[in-house]
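Numbered per the UniProt record's numbering, the sequence shown spans residues 1 to 382. All residues carry an ideal CB built from backbone N, CA and C; glycine is no exception. Quick caveat, the model's predicted, so the values are computed rather than measured.
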Amino acid sequence: MLAVHFGAGNIGRGFIGEVLHSNGYEICFIDVSQPLIDQLNEKRSYSIRLAQEKDETIEINNVYGLNSITEESKVIETIAQADLVTVSVGVNILPLIAPVLAAGLKKRLEVGARQIDVIACENAIGATTALKGHIKAQVDDATIWEDILSNTGFPDAAVDRIVPNQSREGLDVMVEPFFEWVVHTEGLKIEKRLDGVSYVDELTPYIERKLYTVNTGHACIAYLGFVHEIDSIAEAVKNPTIRRELEGVLEETGRLLEVKYHFEREELKAYHQKIIGRFENSHLSDPVERVGRNPMRKLSANDRLIGPLVQLHERKINAQHLLKVTATAFLFDVAQDEESVQIQRLIKERGLLETIAEVTSLSPDHPLAEEIERAVAELLNQ
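See the structure below:
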C-alpha cells in the first residue's frame, strides 16, 4: 500500500507518518524543501523519539520523497498510484498544493484507479473541505469534477499532537506520546480504517473541543508566559498566577462545549487535566515565543480566542479569564514574529480599538471590542 503525504515537516514525519507506517503503508512525502527530500531518499528511514521519562524510539522506514516543484510529473504519477493521500502543510499552503493534487486526481480517472480519500490533517476547522474547494477551482470541466467527486473522498479531520521545536537537524523528530486523529465518516470513499484513528459521525464537537481546550490553553500559557517573562510553556504553567488563569479559561470554554454539544462536565474536567498534564511535560520544552507566534491568526474571528469568546458572550456566559488572555495577546511583541510586529505597528498608527476591530473582525462598537480595549489598558497600567 502507498500513501502520499504532502508536508514532510515535523507534524508529517512525527505524527501522520507514524500512523501511516504502523498501518503498513509505504510513504511518499511531498515537499518543496530539497534538502529534506534528499535526506528522505538517501536514508529511506527516520526515528521518532517520544518526549517522556522512559526512553522510547520508533523507527519509521519504507519512506521516500518528491519535490512538488521540480518533480511535478512524478508527483502526479505517484498520486495516480496511491491508496491514500494525507496533508499537513498548514492551511495557508492548501491553495498552493491544489493544482498538483487536481492533476493527480484527474490522472487517476485516466488510468482507471480505484477510489481514494484525501484527508487534510491541519490545525483548523474544515481543512479538507477547504482543500476540496481549492482543488475544484483547478478543474474547469464540470463533468470531470463530478467524476473526481465520485472517485475521491474528502473527509474532514481533527488532529492533536504537540511537536515542539527540534533541537537537532535531520529527519529524526521528537514528539509527545499523546496523539489524537479523528476522521469524519461522512465523505469517506475507501473502506479501510486506520488503526490509531477514530472515526465519528459528527466531527465538529471534537474539533472544537480540541481547538477550545488544547489550542486555547496553549495560547493562554504562551501569552501570559510572555508578559511574565518566562521562556518555556512547561515553566509558565508552573506559575501560580498563570495556572489559575489557565484553569479559569478552560472552565469557561468547557462551559461553552457543555452547552453546545452536551459534553459531560466530569468528562471535560478529566480532559482538561489530561491536557494540562501535556503542557507540564518538561521534555517538550516548547518556547512561549514559538507557541504564541502568528497572533493575528490566533486572534482572528473563528480561531482559539475570539471564536469561543464571542460565543460565550452571545450566550451571556461570563468569560473574564478568556477576555484577559485575549487582551494579553495584544501585548505579544517579538521582533522575529512578523504578525506581532504588525499588531504593534497598527496600535501606534491607528489606536488600540481600531486595531482590535481589524484583527478580530469585531466592529469597533461591539461590546467585546470595547471590553478587550479596557482589559489591554488595565494590563498596560499594571
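Each residue's CA atom was taken as its position, placing V341 and E371 some 23 Å apart.
In the DSSP assignment, A103 falls within the unbroken alpha helix (DSSP H) covering 94-111.
Taking a C-beta distance under 8 Å as the contact criterion, L323 and A375 qualify as a contact pair.
Check the Cα spacing between K54 and each of P177, K189, A270: the tightest is with P177. R345 and I148 have their C-alpha atoms spaced approximately 46 Å apart.
Looking at the DSSP output, T57 shares a beta bridge with R49. Counting along the chain, the unbroken alpha helix (DSSP H) around T355 starts and ends at 352-360.
Between I76 and E18, the C-beta gap is not smaller than 8 Å, which leaves the two residues out of contact. Shown here for L331: same chain residues with a beta carbon closer than 8 Å to its own, the five before and five after excluded, namely Y223, F226, V227, V376, L379, L380 in chain order. Assigned with DSSP and collapsed to three states, P287 falls in strand. For the 8 Å CB-CB criterion, A51 and V173 do not form a contact. Taking the Cα of I119 as reference, the smallest distance to any Cα among G90, R209, I343, D38 is reached at G90.
Using a Cβ-Cβ distance cut-off of 8 Å, the segment 7-22 and the segment 101-118 are not in contact, since fewer than three pairs of beta carbons, one from each stretch, lie closer than that value. Per the DSSP secondary-structure output, E180 pairs in a beta bridge with D160. Here A158 is buried, its C-beta having at least 16 other C-beta atoms within 10 Å.
By the neighbour-count definition (other C-beta atoms within 10 Å, threshold 16), E245 is a buried residue. Where N294 is concerned, there is no enclosing alpha helix (DSSP H), because DSSP gives it neither an H nor an E.
Taking R290 as reference, the option from E349, C220, R243 with the minimal CA-CA separation is C220.
Counting C-beta pairs closer than 8 Å gives three or more between the segment 134-149 and the segment 88-106, which meets the contact rule. Short of 6 Å from the beta carbon of R209, and not among the five residues preceding or following it, lie these beta carbons of its own chain, in chain order: L257.
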